[in-house]
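Peer 1: Please read through the structure below; I'll follow up with questions.
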């Protein structure tokens, strides 16, 4: 989609396909933190966070348009480290991996 970020395009496609969840793969970051863990050694990782909390805190889950779209469409997001061996298989198997972003 022209004029959309890859985050927003992924959210739009996920909604069109009635996907259960968006898997938001990151490069060497294993979830959502209250600060950049590559810079702040004391950054706290969230196991679970709401869309509104992520928006209000200005956390870099995905771009704000995509995050708001996911919230409006109740589309959960799993943020995880793509380079963690077996992470995708573990998520598909139902294991908790990374951070889950949901309505509640």
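Residue numbers (our numbering): 2 to 105. Ideal Cβ positions, reconstructed from N, Cα and C, are used throughout, including at glycine.
Roughly how many whole angstroms lie between the Cα atoms of residue 96 and residue 4?
Peer 2: When rounded, the distance between both Cα atoms is 35 Å.
Peer 1: Mind pulling the alpha helix (DSSP H) runs of 4 or more residues that sit fully within the segment 79-103?
Peer 2: With a minimum length of 4 residues, the continuous alpha helix (DSSP H) runs that stay inside the segment 79-103 are 88-93.
Peer 1: What do you reckon, are the CB atoms on residue 45 and residue 34 nearer than 8 Å?
Peer 2: In contact: residue 45 and residue 34 (Cβ atoms closer than 8 Å).
Peer 1: For residue 37 versus residue 81, is the C-beta spacing smaller than 8 Å?
Peer 2: Contact flag unset, no.
Peer 1: Could you work out which residue in 77, 102 and 54 is closest to residue 19 when comparing CA atoms only?
Peer 2: Comparing Cα-Cα distances from residue 19 to each of 77, 102 and 54, the minimum goes to 77.
Peer 1: On the DSSP bridge assignment, give the partners of residue 4 in chain order.
Peer 2: Answer is none; residue 4 lacks a bridge partner.
Peer 1: Report yes if the C-beta distance between residue 48 and residue 9 is below 8 Å; otherwise report no.
Peer 2: No, they are not a contact pair.
Peer 1: So, helix, strand or coil for residue 58, using DSSP?
Peer 2: Of the three classes helix, strand and coil, the one that applies to residue 58 here is helix, per DSSP.
Peer 1: Exposed or buried, what is residue 27 when buried is set at 16 or more other beta-carbons lying within 10 Å of its beta-carbon?
Peer 2: With 16 or more other Cβ atoms within 10 Å, it is buried.
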